[in-house]
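Here the protein sequences come in this chain order: A and B.
Just so we're on the same page, this note's numbering is the position in the first sequence counted from 1, plus 916.
Just so we're on the same page, this note's numbering is the position in the second sequence counted from 1, plus 69.
Have a look at the structure below before the remarks.
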Amino acid sequence: METIEALLNGFSLALTPELLLAALVGAIAGTLVGVLPGIGPVAGAALILPLTFAYSPAVGLIMIAGIYLGGQYGGSTTSVLLNIPGEGSAVVATFDGYKMTQKGRGGAALTIMAVGSFLAGTIALFLIVGLAKPLAQFGLQFGPSEYFALTAGGLLALARISGGKLGDGLLPMIIGVALSTVGLEAATGFSRFTFGNLDLTLGFGLPAVAVGLFGLSEIMLMIEDKDGSRKPIKVRLRELLPTRTEWRRAVPSWIRGSFIGFIFGLLPVPSATLSTFSSYKVEQTVSKYRKEIGTGAVEGIAGPEAANNSAALGSLVPVLVLGLPFSATLALMLSAMVVQGVQPGPLMMTENPDLFWSIIAAMYVANLMLLVLNLPLVGVWIKVLQTPRYILIPVIIVIAVIGAFSINANMLDVAVVVIFGVVGYFLRKLNFSLASLLVGLVLGPLIEKYFRTGLFISGGDASYFFTRPISAVIWGIVLAVLIGGTVMRFVRRGRDRRTFSTETGTMSIDADDPALAPITTGPAPVSGESAAEPVPAGRKTATSEAPHKRTLDEAIKDED
Amino acid sequence: MTQTQSTSNAWSAIGGQRRGRIIVGVLALVIFAGYTWQSFLIPFGSMSQPGAGMFPRVVGFAAIAISLVVIGEGMFARVPGEGVDLPRGFELRQVVLFFGSTALFAMTLPILGQYIGGTLYSFALMSFLGKRKPGWLGWAKLVAYALVIGVGVPWVFIHVLQLDLPEGIILPPELF
C-alpha cells in the first residue's frame, strides 16, 4: 500500500510540465538516435549527458531513460522497414518484422511493436512495484563483501556472456577497469597514471569514451558500407492498423514476452538482446501459430518487442536499488546520478523516494509518449532515414565534439573521442564486445571501493570476500556462468561431431530456424524484389565471403 | 601491381581474425606490462591498510593474463579464423579521409574555435563523402549546409543551452 502511494506520488511528480518535457525530449531523441544510422542509444545518451547537468537530477535521469526506451523502439523500426537492426536487441525484429513489411503489413508490425512495448511497460511497472521494496530490504543486508561480489562478479559474468570467445568480453572489460584507475584516487588523492598531465587527473570521462567507442567507430563502419543508400518502404497511416486476427494473436505473445524480458532485465547479462532471442525461441515452442514464425508471423514480432521493452524497465531495478548497471546506457545513467550527487542503492527508496518513484513513473510516461507519438510520426522517421549520410555524419560529429568538450571544457575529452573511435573500430572488426568496456569503466571505481573497504573491515583477510553466505552464492553463480559456457561448448562440439556427416559436410541443425541461423541484415531488396536469402544454417561461411551475416553472438556484442 | 592490389595486400597482411587477435593481444600485453610496472610506483600499503597502488596492481596482473588468453585464442583456435572485413580501395580512402579530417578538426579546434573549425570540417566532410553519391547537392548548397552545421548548431548550444565551447584565437570571444 505504502509502495503504491509512493508510486502515485511519483506519477504526480512525473506529470509536472518539467518532467513531462524531459520524458518527451528523451523519447523523441531516443527514437531519433535509434533510427539514425551511426548513433545508437549509448552515443545518444552520452551526447545528452553533459547537457543534463544544468537541470535537476530527475530531469537528467528521465531524459536518459527516455533515450534508452526510445532507442529500443527506433532500432526496431529500421529492422521492420529496412531489415537493418539499429542495435543488437533489434535483430530479432528483422526475422518476422521485415517479412511482414514485404507482405504489406509493415504498418501493422510497427503498431504491434508500439502497443506491445507499452503493455510490457505496464506489466513491468507492476512487477517493479511488487519487487522494489523487498529487493531494497534485501540489499540492506549487503556489505562490502556482497557488493564486491555483485560488482566484480556481475562484471565478469556480463563480459563472459557478451563475448563469444573468452577474450571477446574480458579484454574490453579489463581495459575499462584499467582506464577507471587513471586520475586522482578517491580515498587518498594520489595521482595515478597521469604522467604529470593535469588534464588526466580528472580521469577518462565516460561520455567521451562512449561517444568514441559507439559513435565515431560506428560512423567509420557506416562510411565503408556500400549499401548505405537503401530506401525504406513507405508506410501509410491507414496501414498502421492491425486486423482483428493480428490483435488477437499478439496478446499472448506480448504477455509472455513481458515476463521473460523483466526477468532478464534483473540479471547481469545483455538483457535486451538475450530477452528478445529467448522470447522468440519461446514463441517458436509454445505459440499456437509456431509453424508460421519466421515467415512474417505476428508472434515473432510481438513477443520479442515486448520482452525488449520489459527488459529495459526491469534493468532499472538493479541500477536504482543496488546501484549496479549492466548495460552501457545504464552505466551512463549511474554516472549521471553520481555527478548529480544522487547515491543509488538500497537506501535510495527511503532517502530519496520522490526521485526513485518519479523516474519509474516517468519511464512509464515516456512509454506512453512513444506509443502516442511514434506511430503518427512514422513518416518523419522514414524521412530521417532518407537523409543522405554525408549530411548526417558532420552533424553527428559536430554534436559529439560539443558534447565531449562541454563536460569539463577540456580538449583532452575531444582527443579521447577520436582515439576511442579508432580503438572501437578495430575492436569491432575483431568481434570484441564494447559494452563490457564501458560498464568496466563505470564499475571499476566501485569495485575498488568495495575491495579496499572489505580489506579494511576484515583486517586484510581476502577470504572475507568469498566466505560470507550471500557473496559465496553470488560467486558460485558467476563461476557457473564462466565455466558453463565452456562446458556447454564441449558438449555441443561432441554432439555436432556425432551428427556431422563427412559425406555431405553439413550439420544437423534446423535450417528453417532463423533464431539459430545467421541472418541477412545486409542489402535489403527494394520494394518488389525478393528478400536476400539467408545462408543455410550450419554452413560455415567466412566473414569475407558473407559480410552481412549476423548471429546471436554478434547481436549481443552490439547491445548498448 | 595496381594501387588497389597493393592496398589489398597490405590489409591481408594483418587480415584474418586469428592474426588480428594476436596483434591486439600483443599490443594489450605490452601496454598492460607498462601499466603494471607503473602500478609498482604507486604506494601499495598493506593488506589491512590498502594504498592507492594495490588495486591497479591486481588489475595489471589480471590484464596481462587476459592479454595472454587473447593471444592464445589467436594462436591455438581450433576453428580456422574468419577474415577481417577491412575496407579496400575507395571505401578505405573514404574511411582514412574521414578519420584524418576528424583528427585534424580535433587538433585545430583550440586555434580555429568551434565556429570556424566546425564549418570547415563539415564542408570538407560533405565534399568528399557526398561527391560520388546520388542526390549530390552542388557546391552552393554545400556551403550553406556547412554554415548551418558549423555555426547554427553550436550557436544553439552556446546561446540556448549555455554551454562553453572552444573559442579559438581568430574570432572575438564576444561571439561565444
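Just so it is clear, CB atoms sit at the ideal spot from N, CA and C, and this is done for glycine as well.
By the criterion of Cβ-Cβ separation under 9 Å, what are the contact partners of residue i in chain B?
i: A/G1375; result: M116 and S117
i: A/S1322; result: F226, L230, L232, D233 and L234
i: A/M979; result: Within 9 Å Cβ-Cβ: nothing; A/M979 doesn't reach chain B, min ~13 Å.
Find the residues of chain B that neighbour residue i, judging by a C-beta separation of less than 7 Å, and give them in chain order.
i: A/T1097; result: F124, P125 and V128
i: A/M1279; result: Going along chain B, no residue has its Cβ under 7 Å from A/M1279, so there is no contact; the nearest lies around 24 Å.
i: A/L1331; result: At residue 1331 of chain A the sequence reads Ala, which differs from the Leu that was named. Within chain B, the residues near A/A1331 are A175.
i: A/I1315; result: V222
i: A/L1371; result: M116, S117 and P119
For residue i, return the contacting residues in chain B, with the cut-off set at a CB-CB distance below 8 Å.
i: A/A1325; result: D233
i: A/L1346; result: Q86, G89, R90, V93 and V153
i: A/E1364; result: F124
i: A/R1368; result: P119, M123 and F124
i: A/I1318; result: Q183, V222, P223, F226, L232 and L234
i: A/V1338; result: F168
Can you name, in chain order, every residue of its own chain whose Cβ lies under 8 Å from the Cβ of residue i, other than the five neighbours on each side?
i: B/T177; result: G186
i: A/I1363; result: F1064, T1067, A1068, L1071 and V1093
i: A/G1055; result: V1237, L1238, G1261 and P1262
i: A/L1271; result: P973, A974, L977, V1258 and M1264
i: A/G1421; result: Residue placement at A/G1421 cannot be trusted, given a pLDDT of 47 that sits under 50; the coordinates are not used to answer.
Could you tell me which of the options sits nearest to residue i, measuring between CA atoms?
i: A/F927; options: A/M1264, A/Y1280 and A/W1391; result: A/Y1280
i: B/V153; options: B/A213, B/A193 and B/R88; result: B/R88
i: A/F1120; options: A/L1308, A/L1354 and A/M1264; result: A/L1354
i: A/W1170; options: A/A1030, A/F1106 and A/L1114; result: A/A1030
i: A/S1174; options: A/D1084, A/L1072, A/L1293 and A/F1042; result: A/F1042
i: A/G950; options: A/L967, A/V975, A/T932 and A/S995; result: A/S995
i: B/I239; options: B/P179, B/V212 and B/V217; result: B/P179
i: A/L948; options: A/G1340, A/L1308 and A/W1391; result: A/L1308
i: A/W1163; options: A/V1358, A/L1291, A/A1024 and A/V1288; result: A/A1024
i: A/L936; options: A/A1124, A/T1245 and A/A1277; result: A/A1277
i: A/P1269; options: A/A1048, A/I1323, A/V1008 and A/Q1018; result: A/A1048
i: A/S1191; options: A/A1252, A/A1218, A/A1166 and A/I1313; result: A/A1218
i: B/L137; options: B/L98, B/P242, B/Y190 and B/P241; result: B/L98
i: A/Y1306; options: B/M195, B/L181 and B/G169; result: B/M195
i: B/F167; options: B/R157, B/L181, B/A193 and B/E142; result: B/A193
i: A/R1368; options: B/Q86, B/W106, B/P125 and B/F109; result: B/P125
i: A/V1008; options: A/G1319, A/F1193 and A/Y984; result: A/F1193
i: A/T1478; options: A/R1021, A/Q988, A/G1177 and A/K1299; result: With chain A covering 917 to 1476 only, the question about residue 1478 of chain A has no answer from this structure.
Going along the chain, which residues of its own chain have a beta-carbon closer than 6 Å to the beta-carbon of residue i, five neighbours each way excluded?
i: A/V1045; result: T919 and L923
i: A/L1086; result: A1075
i: B/M144; result: none
i: A/T1117; result: G1099, L1100, S1107 and T1110
i: A/I1386; result: E1062
i: A/G982; result: A939, G942, A943, G946 and A1282
Among residues of its own chain, excluding the 5 on either side of residue i, which ones have a beta-carbon nearer than 7 Å to its beta-carbon?
i: A/I1209; result: D1012, E1199, Q1200, S1203, E1215 and G1216
i: A/W1273; result: A922, L923, N925 and G926
i: B/A102; result: I133
i: A/K864; result: Residue 864 of chain A falls outside the range modelled here, since chain A spans only 917 to 1476, and no answer is possible.
i: A/P1361; result: S1096 and A1102
i: B/L216; result: T188
i: A/T1027; result: L1156, L1157, P1158 and L1291
i: B/A146; result: R87
How would you list, in chain order, the residues of chain A whose beta-carbon sits under 9 Å from the beta-carbon of residue i?
i: B/P99; result: The sequence shown places Val at residue 99 of chain B, rather than the Pro named in the question. Going along chain A, no residue has its Cβ under 9 Å from B/V99, so there is no contact; the nearest lies around 13 Å.
i: B/A132; result: L1087, I1090, I1091, V1093 and A1094
i: B/P112; result: T1104 and F1106
i: B/V220; result: In chain order: nothing, as chain A lies at least about 10 Å away.
Please report the residue range of the alpha helix (DSSP H) in which residue i lies.
i: A/G1059; result: Where A/G1059 is concerned, there is no enclosing alpha helix (DSSP H), given that its DSSP letter is neither H nor E.
i: A/P1123; result: L1122 to A1126
i: A/V1008; result: V1007 to Q1018
i: A/I1363; result: A1351 to S1374
i: A/I1000; result: Per DSSP, A/I1000 belongs to no alpha helix (DSSP H) and is neither H nor E.
i: A/M1279; result: P1269 to N1290
i: A/D1329; result: M1327 to K1345
i: B/P235; result: Element bounds for B/P235: n/a, residue is neither H nor E.
Under 7 Å between beta-carbons, which chain A residues line up against residue i? List them in chain order, please.
i: B/V139; result: G1083 and L1087
i: B/L189; result: Chain A residues near B/L189: none, gap ~11 Å exceeds 7 Å.
i: B/M195; result: Y1306, I1307 and P1310
i: B/L181; result: Per Cβ cutoff of 7 Å: no residues; B/L181 is ~12 Å from chain A at best.
Anything in chain A within Cβ reach of residue i, meaning under 8 Å, just list it in chain order.
i: B/L244; result: Chain A residues near B/L244: none, gap ~15 Å exceeds 8 Å.
i: B/T102; result: Per the sequence presented here, residue 102 of chain B reads as Ala, with Thr not at that position. Near B/A102 there are no residues of chain A at all, since even the closest Cβ is about 12 Å away, more than 8 Å.
i: B/Y214; result: I1307
Original post:
Mind listing which residues of the region 1115-1141 of chain A have their C-beta closer than 8 Å to chain B's C-betas, in chain order?
Top reply: Residues are counted here when their Cβ sits less than 8 Å from a Cβ of chain B; for the region 1115-1141 of chain A these are L1132, I1135, M1136, I1139 and E1140, given in chain order.
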